[in-house]
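Numbering (the working numbering), first residue to last: 10 to 250.
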């Protein structure tokens, strides 16, 4: 009997052990997956803090003062945590600029959506672009772009980011112009780019003296030119709009 049942008992024991091991592995896998998720969340939060701190430093202190030390101090994280997310200062600045550009686009889109129709959105484009240029992220981007003219590594890092963002801006402009019923959509795309470049230059001129009357007159001229462009593309605005 023992001889007959021994293999059966052995198989049952082995089966039980295998099930036990499999269950243990499942539990461990679940624990490890949970640990990885917690680690990922911590890493994402650290990255968010570093990017936000870098944007603030660029806006408030300028590119030269936006060092890894300044950012880690503002974010209250260790040097190791900084270098784990961004191995170089250039990578940190590029990450901050990319995030800042995306925030600027989200800012414009949000205000576009608040307007009643596509024509109203297109006519408001100059004012919305101007508003977006004035938020802290706009100042941070301008600061980094100016620095890239002599920092070749930064310029190389920013180039693909700028190309992607610019392509998205062009896509948004085309969608708005098409929805508004504009026939020459490409002319609108070029006009939007000119607006952004011009308004960025005006924000730069006002950085050290916000009360410069001539620069504000120039801004009003840009607005007037946009109105003329809209009349050419859409016809006169309805009374009261």
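Beta carbons are placed, not taken as given, at the ideal position from N, Cα and C, and that holds for glycine.
Near residue 170, what residues of its chain come up, given a Cβ to Cβ distance below 6 Å and the 5 sequence neighbours on each side ignored?
So the list reads 107, once near-sequence residues are dropped.
Residue 76 and residue 98: beta carbons closer than 8 Å?
Yes, the pair counts as a contact, with Cβ atoms nearer than the cut-off.
Helix, strand or coil for residue 90 per DSSP?
In this structure, residue 90 counts as helix in the three-state DSSP scheme.
Could you tell me whether the stretch 160-170 touches the stretch 113-129, using the rule of 3 or more Cβ pairs below 8 Å?
With the cut-off at 8 Å, the stretch 160-170 and the stretch 113-129 do not touch.
With DSSP collapsed to three states, give me the class of residue 131.
The answer is helix: DSSP assigns residue 131 an H, G or I state.
For a test of the three-state rule: what should DSSP assign to residue 145, helix, strand or coil?
In the structure shown, residue 145 sits in a helix (DSSP, three-state: H, G or I).
Are the CB atoms of residue 224 and residue 163 within a distance shorter than 8 Å?
Their beta carbons are not under 8 Å apart, which means residue 163 does not touch residue 224 by this criterion.
Check whether the stretch 84-98 touches the stretch 139-158, counting contact only when three or more Cβ pairs, one atom from each stretch, lie closer than 8 Å.
Contact between the stretch 84-98 and the stretch 139-158 is absent, because fewer than three Cβ pairs lie under 8 Å.
Quick check: what's the CA-CA separation for residue 147 versus residue 192?
Roughly 31 Å between the two C-alpha positions.
Within the continuous alpha helix (DSSP H) that includes residue 110, where are the two ends?
Where residue 110 is concerned, the enclosing alpha helix (DSSP H) stretches over 98-122.
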